[in-house]
Amino acid sequence: MRVYVQTQGFDLTPAIDAHVQQQVSRNLGSMEEQIIAVDVFLGDINGPRGGHDKKALFSIQLASRLAIRLETLHADLYIAVSRAARRAKQTVKRTVRKQKQIRRAEIRRLRHLQGEMQAL
């Protein structure tokens with residue numbers, strides 16, 4: 007799983023990069039075989055004015071070729087990253103589970119059609 011971090015409006019410090027890497031590893035590490043890449047975009051929307059203006063945008067490319075994008079805003083960048091990583095974990099789990107259900111349904115449908123063809 008490739009993790010790419012990009013910032014807008016401020017420099018990427020080693021502490022921010024380490025926090026992002028830790029959160030991605032902690033929350034998405036167990037699903038590494040289903041994930042190709044995680045792109046994390048961090049931004050400061052209002053600049054020095056303050057408020058809930060720190061943005062963490064996660065773009066996740068799954069092995070099934072589906073893409074997941076989610077964004078979290080908070081006054082603290084570290085909290086925004088942590089919340090986005092937790093939401094990413096839940097979303098990836100849900101998406102992978104739905105894909106498995108769809109594949110199982112397709113296999114059942116194909117087996118049913120194969121049985122009908124053999125009956126003819």
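Every position in the sequence shown, counted from 1, becomes a number in the working numbering once 6 is added.
For glycine and all other residues, C-beta sits at the position ideal for the given N, C-alpha and C.
| Item | Value |
| --- | --- |
| Between the stretch 57 to 66 and the stretch 78 to 93, do three or more beta carbon pairs fall short of 8 Å? | yes |
| Would you mind sorting residue 14 into buried or exposed? The rule is 16 or more other CB atoms within 10 Å of its CB. | exposed |
| Shortest alpha-carbon distance to residue 12 belongs to which of 113, 49, 68, 25? | 49 |
| DSSP on residue 43, reduced to helix/strand/coil? | strand |
| Going along the chain, which unbroken runs of the beta strand (DSSP E) with 3 or more residues stay wholly within the stretch 39 to 123? | 41 to 50, 60 to 68, 73 to 80 |
| Would you report the Cα separation of residue 47 and residue 100, rounded to the nearest angstrom? | 23 Å |
| In the DSSP assignment, find the unbroken alpha helix (DSSP H) run with residue 130 in it and report its ends. | The chain is shown only over 7 to 126; residue 130 falls outside these bounds and no answer can be derived. |
| Skipping 5 residues on each side, what residues in its chain have a beta carbon closer than 8 Å to that of residue 40? | 68, 69, 70, 98, 102 |
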